[in-house]
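> In full-length UniProt numbering, the protein residues as written are 1 to 279.
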Amino acid sequence: MGENIIGCLNYYGFGDPINILAIFANSHNGYIVYSIVFILRVYLAGFSALLYSKEMGFNAKASVIGAIAYSFCGFAIYGGLMHIEWLAVLFYFPLMITGAEMVIKGKHYKALFVFSIMYGALCGFYYLYMSSIILAVYCIIRLAFINRLSALRNTLNTIALLLALYSIGIILASPFLLPSINAFLNSERNGNIVSIITDHTLYIPMPHLIRDFFKCSIKVTDTYAMGIGIAEWLLIAISIFMPNSSKNLQLKISLLLASIAVSVPITYWLFNGFGESNS
């Protein structure tokens with residue numbers, strides 16, 4: 001009856017700035033506007049991936065191939081066509097880690113990190129929550145390799161700065177984010193956290209989970225959005241067998257952690273706010 005409109009609609013990306021294009025839609029051209037917005041979101045996903053590649057100093061040709069594979073993964077094509085709001089995270093997450101990378105390296109340009117957090121918070125609580133977990137793991141790995149765990153004071157200062165900038169982004173988006181969080185906490189998706197995290201069976205690796213995730217998705221099925229396709233597999237294989245380097249070692253560690261994470265059921269509860277287990 002009109003209660004908490006933002007909280008209800010923001011799960012579907014109500015606060016996403018790109019949705020302002022909906023003002024041009026009507027009963028006759030709605031499908032055209034939808035298609036334009038979809039293409040724009042896919043383009044922005046590739047653009048943000050290229051921005052991250054540039055910050056990391058990756059090879060230009062390899063970066064383009066990676067950006068295309070990223071933009072047209074199963075999650076984007078299958079999931080994004082069903083729920084177009086899903087595509088927002090493919091845009092702002094690379095911006096998050098690019099901005100974090102700049103902060104970790106001590107660069108003065110910190111606005112990108114704040115913008116990415118604010119944008120993610122405007123788009124909704126759910127994917128911001130998931131992205132923040134991965135962002136935290138990413139920052140830990142990068143800080144460990146850049147500072148070599150020796151410059152403890154510099155590491156702590158960087159972490160404090162990242163948290164402060166993250167908080168600024170959250171505050172800027174709070175008019176949309178806080179109602180969204182309130183709606184989640186008062187919904188059926190809010191489960192019993194204590195009983196879930198104390199269930200030891202959820203920490204036992206299950207081979208079929210990792211098999212389903214790392215399968216080659218050739219045929220478009222209900223699980224297409226979950227799996228990694230041929231293009232992504234090729235990029236992973238090429239990266240693994242590249243000459244040893246610090247960047248390559250970090251990639252291997254990330255892949256190992258990802259493999260472990262997708263093999264244990266607790267991960268699926270964690271990334272869904274302990275409300276349900278969903279891949």
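Where is the CB? At the ideal position from N, CA and C, for every residue including glycine.
Looking at the structure shown, is M1 part of a helix, part of a strand, or coil, going by DSSP?
With a pLDDT of 48 at M1, under the threshold of 50, the predicted position of this residue should be treated as unreliable, though the coordinate-derived value follows. The three-state secondary structure of M1, taken from DSSP, is coil.
> Using C-beta distances below 7 Å, list every residue in its chain close to N19, excluding the 5 sequence neighbours before and after it, in chain order.
G13
> Excluding the 5 residues flanking residue 284 on each side, which residues of the same chain have their C-beta closer than 7 Å to its C-beta?
The structure shown does not extend to residue 284, since the chain is modelled only from 1 to 279, so the question has no answer here.
> My understanding is that L172 touches M206, with C-beta atoms under 8 Å, so please give their C-beta distance in whole angstroms.
Contact doesn't hold; Cβ gap of about 40 Å is too wide.
> Can you give me the start and stop residues for the alpha helix (DSSP H) that S174 sits inside?
174–185
> With distance defined between alpha-carbon atoms, name the residue in K247, P17, L161 nearest to L122.
Nearest C-alpha to L122: P17.
> Given L21, which residues of its chain have a CB within under 6 Å of its CB, disregarding the five upstream and five downstream residues?
Around L21: V37.
> Return no unless some Cβ of chain B is closer than 8 Å to the Cβ of Q250.
The chain labelled as chain B is not found in the depicted structure, where only one protein chain is given.
> Could you work out which residue in I65, V42, Y43 is closest to S53 when comparing CA atoms only?
It is I65.
> If you drop the 5 nearest sequence neighbours on each side, which residues of the same chain put their C-beta closer than 6 Å to that of Y127?
V89
> DSSP three-state call for V103: helix, strand or coil?
helix
> Take the Cβ of S167 as the centre, count every other Cβ of all protein chains shown within 10 Å, and call the residue buried at 16 or more, exposed below.
exposed
> Would S254 and I210 be called neighbours here (beta carbons separated by less than 8 Å)?
For S254 and I210, no; Cβs fall outside 8 Å.
> Give me the Cβ distance between L135 and I97, rounded to the nearest whole Å; I'm assuming they're in contact under 8 Å.
6 Å
> Taking Cβ to Cβ, would you say I141 is nearer than 8 Å to Q250?
yes
> Alpha carbon to alpha carbon, how far is A67 from F184?
33 Å
> For my contact list, L202 and V262 are in at a C-beta cut-off of 8 Å; report their separation, rounded to the angstrom.
Not confirmed; about 13 Å, so no contact.
> For L51, which residues in the same chain have their Cβ closer than 6 Å to its Cβ, ignoring the five residues on either side in sequence?
T98
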